[in-house]
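*Asks:*
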Amino acid sequence: MLNWIRQVGRGVIALLRESGRFATFVAQAIASVFTPPLYLSQLARQALSIGYFSLPLIGLTAVFIGAALALNIYTGGARFNAEQFVPNIVVLGITRELGPVLAGLMLAGRVSAGIAAEIGTMRVTEQIDAMTTLSTDPFKFLVAPRLIAATLGLPLLVLVADTIGVMGGYLVAINSLGFNGSIYLRNTLDFLESQDVLLGVWKAAAFGFIIAAVGCYQGYRSAGGALGVGRAATNAVVGATVLILATNYLMTAFFVE
Amino acid sequence: MNPKLALRGLKKAFGPKVVLDGLDLDLAAGQSLVIIGGSGVGKSVTIKCALGLIKPDDGQVLLDGKVITNARGQERQLALRQFGMLFQGAALFDSLSIWENVAFRLLYADGVGRAEARERAIETMRRVRLAPETADLRPIELSGGMQKRAGLARAIIAKPQIIFFDEPTTGLDPITADAINDLIVEMVKDLGCAALSITHDMASARKIADDIAMIHQGKIIWRGPAASVDSSGNAYVEQFVHGRAVGPIQAVV
Ligand SMILES: Nc1ncnc2c1ncn2[C@@H]1O[C@H](COP(=O)(O)OP(=O)(O)OP(=O)(O)O)[C@@H](O)[C@H]1O
Ligand SMILES: [Mg+2]
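From first to last, the protein sequence lines stand for chains A and B.
Be aware that the first sequence starts at 0, since it is given in numbering that gives the first Met the number 0, and climbs by one per residue.
Be aware that the second sequence starts at 0, since it is given in numbering that gives the first Met the number 0, and climbs by one per residue.
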């Protein structure tokens, strides 16, 4: 019995300690974003690798989800003669929820793991120490550009995902569900409010921040060679995923109030 | 006269493992000091404490008589500007080309323009006998010896006053190792800077050292001119210099 309590206590303490470390890291990271110098060449490089090169993944995810969503809503809606609401529900589901969450989760895999592995390798091969001895702050050179690129890049990616997702629904609706194309599009746009898109964009910015922050944190503190770098990448994906899902719920609840 | 760099009573433990246990060391301006000692006795940790990459649990690091142990911000940057470091594995940035590695400090800390930085990088590369044709290659395309040279060029480009070398010759064949030794001697003489080097390699130590110091169980147990290392009269030093498994030092296998 006592042993059991001790185990739980130890777990809680470890969790608190980890949260504290992460919070300290994030505070330092944010400070590095707002103090000069800002390395524009690094920012451009990260914008390319985090944003631009994620487009195919985001596009594919969105088109398939939009199409599947349209089919599901059509089938479900048919049970109470509400098939005509397919366009409205598809666009709401995508902009408010599926666009940002799926983009966030896909990038948690692609980007968080990549950042953790790259910075982790730099840590274990002493490249981060070397950077410090060359009078360059690794937070400013490595962390800040990734944080900015992901936080600003994910909202843009989500706008693309929203558009492509709606198109996925549209294609299925006119090709296999017998909708009229122009009516579908008019229904999509008429019922959409700017706050729906805005909620998704805010979520995306938060998820982008989480993805970069968790990836950088895990990479930065990794130790113990290739094994440690692998562990950092795994932890980054798991950590970013859980944080994204929890944040998604909190933000949705807050905005729906 | 104040030593250029002084370590005073440095202590550092990782968990229960005590690595440095009150280590004292002086380095005079223009002097080349080599630290010898077995694997895992804390040679790298000593250098990293001096550079501020590891915070000692206790003790002080003094540069020109000023305490820099916990220096931050501007003060730390000023200290780092006097230092150059060649890491054990060269630690080149693999996302950058060789010349960008060599010119890293100029490009990202000193705000020198790319054209001028490249010119100065290639000039420094020539000094360490790296062909200008390697300037646009990536670190992985270079052999170990060439990577060490690039690391050396990166460490000296801004004319530091103290250079740290962490095992500059390990993992190199004897000829390349000797060429690196020559380079180190030459660079130190040219720049007139002090050097603090770590090595296991006695041939290298004899060649580059004015003074040799031996570290054991977290302290400096012997120090003397390089020439006297064979007649130190210290059982630990004798065992190390002659590489015997039997003696006061227990080999960890
Ligand atoms: N960051 C760290 N965390 C935990 N232990 C460490 C850390 N850095 C060094 N150590 C431990 O400190 C001891 C001394 O390490 P150090 O790297 O200074 O050895 P060394 O004398 O340079 O050895 P070598 O010649 O093999 O490079 C080692 O036992 C190592 O396990
Ligand atoms: Mg070492």
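C-beta atoms are modelled at their ideal positions from N, C-alpha and C, and glycine is treated no differently.
With hydrogens ignored, establish whether the beta-carbon of Q249(B) is closer than 8 Å to any heavy atom of ligand 1.
*Replies:* no
*Asks:* What do you reckon, is the C-beta of I197(B) under 8 Å from a heavy atom of ligand 1?
*Replies:* yes
*Asks:* With distances taken Cα to Cα, identify the nearest neighbour of R185(A) among A203(A), L198(A), M166(A), Q194(A).
*Replies:* M166(A)
*Asks:* DSSP puts D25(B) in a beta bridge; with which residues?
*Replies:* A5(B)
*Asks:* Looking at ligand 4, does it come within less than 8 Å of G37(B), judged from the CB to the closest heavy atom?
*Replies:* Judged by which ligands are present, ligand 4 is missing from the structure shown, whose ligands are ligand 1 and ligand 2.
*Asks:* With distances taken between CB atoms, is the gap from V100(A) to G65(A) smaller than 9 Å?
*Replies:* no
*Asks:* Evaluate contact between the stretch 84–104 of chain B and the stretch 149–166 of chain B, counting only Cβ atoms and requiring at least three cross-stretch pairs below 8 Å.
*Replies:* yes
*Asks:* Ignoring anything shorter than 3 residues or poking outside the stretch 142–204 of chain A, list the beta strand (DSSP E) runs there in chain order.
*Replies:* none
*Asks:* Looking only at its chain, what residues have a beta carbon closer than 7 Å to the beta carbon of V33(B), apart from the 5 residues adjacent to it on each side?
*Replies:* S196, T198, A204, I207, A208, I211
*Asks:* Taking the beta strand (DSSP E) that A193(B) falls in, what are its first and last residues?
*Replies:* Per DSSP, A193(B) belongs to the beta strand (DSSP E) from 193–197.
*Asks:* Taking only beta carbons into account, state which residues of the stretch 106–135 of chain A come closer than 7 Å to chain B, listed in chain order.
*Replies:* T124, E125, Q126, D128, A129, T131, T132, L133, S134, T135
*Asks:* So if I threshold CB-CB distances at 8 Å, which residues from the stretch 206–220 of chain A count as touching chain B?
*Replies:* none
*Asks:* Determine the chain A residues that contact R104(B) at a beta-carbon separation under 8 Å, and present them in chain order.
*Replies:* L133, S134, T135
*Asks:* With L77(B) as the anchor, note down where its alpha helix (DSSP H) starts and where it stops.
*Replies:* 72–80
*Asks:* Could you check whether the Cβ of A114(B) sits closer than 9 Å to any Cβ belonging to chain A?
*Replies:* False, the Cβ-Cβ gap to chain A never drops below 9 Å.
*Asks:* Does the stretch 135–150 of chain B touch the stretch 38–58 of chain B, meaning 3 or more C-beta pairs lie closer than 8 Å?
*Replies:* no
*Asks:* Taking the beta carbon of T23(A) as the centre, do at least 16 other beta carbons fall within 10 Å, making it buried, or is it exposed?
*Replies:* exposed
*Asks:* Would you identify the three-state DSSP class for P224(B), choosing helix, strand or coil?
*Replies:* Strand, per DSSP.
*Asks:* Can you tell me which residues form a DSSP beta bridge with H215(B)?
*Replies:* K218(B)
*Asks:* Show which residues of chain A have a CB atom less than 7 Å away from the CB atom of Q50(B).
*Replies:* Note on residue identity: the sequence assigns Leu, not Gln, to residue 50(B). T132, listed in chain order.
*Asks:* Tell me, please, whether the stretch 3–10 of chain B touches the stretch 178–187 of chain B by the rule of three or more beta-carbon pairs shorter than 8 Å.
*Replies:* no
*Asks:* Between the stretch 66–79 of chain B and chain A, which residues of the former have a C-beta closer than 8 Å to a C-beta of the latter?
*Replies:* Those would be Q76, L79, in chain order.
*Asks:* Are the beta-carbon atoms belonging to M105(A) and T162(A) less than 9 Å from one another?
*Replies:* no
*Asks:* Would D20(B) pass as a contact of Q216(B) if the rule is Cβ separation under 9 Å?
*Replies:* yes
*Asks:* Comparing the CB of D165(B) with every heavy atom of ligand 2, is any distance shorter than 8 Å?
*Replies:* yes
*Asks:* Just curious, the beta strand (DSSP E) that I34(B) is in, first and last residue?
*Replies:* Counting along the chain, the beta strand (DSSP E) containing I34(B) begins and ends at 31–35.
*Asks:* Pick from I174(B), I156(B), I121(B): whose alpha carbon is nearest that of G143(B)?
*Replies:* I174(B)
*Asks:* Can you pull the DSSP bridge partners for F163(B)?
*Replies:* Bridge pairing for F163(B): M84(B), L195(B) [DSSP].
*Asks:* Kindly say whether F52(A), judged by its beta-carbon, lies nearer than 9 Å to any beta-carbon of chain B.
*Replies:* no
*Asks:* Nearest chain B C-beta to Y169(A) closer than 9 Å, yes or no?
*Replies:* At a cut-off of 9 Å between beta carbons, Y169(A) makes no contact with chain B.
*Asks:* Cutting at 7 Å between CB atoms, please list the residues of its own chain near I46(B), excluding the five before and the five after it.
*Replies:* F163, D165, L195, I197
*Asks:* Any idea what DSSP makes of A28(A), helix, strand or coil?
*Replies:* helix
*Asks:* Does any C-beta atom of chain A lie closer than 9 Å to the C-beta of Y107(B)?
*Replies:* yes
*Asks:* Going by DSSP, which residues form a beta bridge with L19(B)?
*Replies:* K11(B)
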